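Take a look at the structure below.
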Amino acid sequence: MIAELRYYTITPGRTRELFDQFTEVSLPLFAKHGITAHGPWLRRLTKGEQLVYLLEFADEEDRAARWSAFREDPGWQAVVASGEGRIPLIAGSEIVELTR
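If you want the working numbering, it's the position in the sequence shown, counting the first as 1, plus 214.
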């Protein structure tokens, strides 16, 4: 099994918008493409906040195939297109890969 622990540093003032997008768009798309997701959680930092969640995959091949399908999904492509030219919701990110 491979897990991805994902930390997204939220652009100040955009927390609610990012959480709404994640719960209304990302989570349903993860489910549609067979990606098991846990979260989201809010991590408060000294300066700012992070959206944190965990994804599970069977192995590297499974992960690559599911991410590819997710990124090519018209629903996700619409989200990407709608954000062009705007201040991004995410100021930075870190992905920690966990295996067993």
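Ideal placement from N, C-alpha and C gives every residue a C-beta, glycine not left out. None of the values given here were measured: they were computed from a predicted structure.
Delimiting residues of the alpha helix (DSSP H) encompassing residue i
| i | result |
| --- | --- |
| Glu240 | As written in the sequence, residue 240 is Ser, which differs from the Glu given in the question. Per DSSP, Ser240 belongs to no alpha helix (DSSP H) and is neither H nor E. |
| Pro254 | Per DSSP, Pro254 belongs to no alpha helix (DSSP H); it is in the beta strand (DSSP E), 250 to 259. |
Buried versus exposed call for residue i [16 or more other C-beta atoms within 10 Å across all chains shown]
| i | result |
| --- | --- |
| Gln264 | buried |
| Leu269 | buried |
| Pro288 | exposed |
| Pro254 | buried |
| Leu312 | exposed |
Residue of the options minimising C-alpha distance to residue i
| i | options | result |
| --- | --- | --- |
| Pro315 | Gly227, Ile216, Met215 | Outside the shown range of the chain (215 to 314) lies residue 315, about which nothing can therefore be said. |
| Thr223 | Ala292, Pro288, Val293, Lys261 | Lys261 |
| Phe284 | Ala245, Arg257, Ala272, Glu274 | Ala245 |
| Trp281 | Ser240, Gly306, Ser296, Ala295 | Ser240 |
| Ile249 | Val293, Arg314, Asp276 | Asp276 |
| Ala258 | Ile309, Arg300, Thr229 | It is worth fixing the name first, because residue 258 is Arg in this sequence and not Ala. The shortest Cα separation from Arg258 among Ile309, Arg300, Thr229 belongs to Thr229. |
Start and end residues, beta strand (DSSP E) containing residue i
| i | result |
| --- | --- |
| Arg314 | First-last for Arg314: undefined, no H or E at that position. |
| Glu218 | 216 to 224 |
| Gly297 | Segment: none, Gly297 is in no beta strand (DSSP E) and carries neither H nor E. |
Contact under 8 Å by Cβ, residue i with residue j
| i | j | result |
| --- | --- | --- |
| Arg300 | Met215 | no |
| Arg252 | Tyr267 | Contrary to the premise, residue 252 reads as His rather than Arg in this sequence. Result yes, Cβ atoms of His252 and Tyr267 sit closer than 8 Å. |
| Tyr335 | Glu286 | Look at the range of the chain in this structure, 215 to 314, and you will see that residue 335 is not part of it. |
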